[in-house]
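Enquirer: Submitted below is the structure of interest, expressed as structure tokens.
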Amino acid sequence: MVELTVAASLMTVLFLIGWTISNSFVGVRKTRDFETAVALAAQTVEAVRAARFQQIGATKDIRRDTLVGDFNSEREVYDSNEGFIPVVKIGRTEFKRELSVADCPSKIGGVPSGLKVIRVVVSWRATEDGTPLTFETVTTQADLW
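Residue numbers (numbering that gives the first Met the number 0): 0 to 144.
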């Protein structure tokens, strides 16, 4: 009888350890997905900061030769290797990255403000239950060139 009690106790402990480890993997996966989303948003913001102000463009008038056009299109020449693509698949998770740029209005008539609002939205679905998740960052870029 004692042997059965000890065996049942050991089985319970092993089950609890396995359950704990299994749940920690789910937490690690969620954290990895959020870290990936933050990294994709940071890559976008750094690319905008590195570009000349005139090359950034704006969402309302997307041209092919602007950074906004490159981020929102997979048809660019370099997108098969190095370009910025709007949908990135890492593991089983598909991240959709959207860049929008708006010119800030000037308080002085006839003089451009030289300021753009940069909004990056990265969205994906959680792998464990399919819940839609979003990471958004907003910054500004001034015309320093």
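We put the beta carbon where it would ideally sit given N, CA and C, even for glycine.
Keep in mind it's a predicted model, so treat the numbers as computed, not measured.
How should TRP123 be labelled, buried or exposed, when 16 other C-beta atoms within 10 angstroms of its C-beta is the threshold for buried?
Expert: buried
Enquirer: Looking only at its own chain, which residues have a Cβ that is under 6 Å from the Cβ of ALA46, when we skip the five neighbours before and after it?
Expert: none
Enquirer: Among the residues of its own chain, which have a CB less than 7 Å from the CB of VAL120, if the five just before and after it don't count?
Expert: GLU97, THR133, GLU135
Enquirer: Could I get the ranges of all uninterrupted beta strand (DSSP E) runs contained in the region 94-141, with 3 residues as the minimum, in chain order?
Expert: Annotation note: the region 94-141 contains the following uninterrupted beta strand (DSSP E) runs of length 3 or greater, listed N- to C-terminal: 114-124, 131-141.
Enquirer: By a C-beta neighbour count over all protein chains shown, 10 Å radius and 16 as the cutoff for buried, is THR139 buried or exposed?
Expert: exposed
Enquirer: Do the region 38-58 and the region 103-119 make contact, defined as three or more Cβ pairs closer than 8 Å?
Expert: yes
Enquirer: On the DSSP bridge assignment, give the partners of LYS88 in chain order.
Expert: According to DSSP, LYS88 shares a beta bridge with GLU93.
Enquirer: Under the three-state reduction of DSSP, which class applies to ASP64: helix, strand or coil?
Expert: coil
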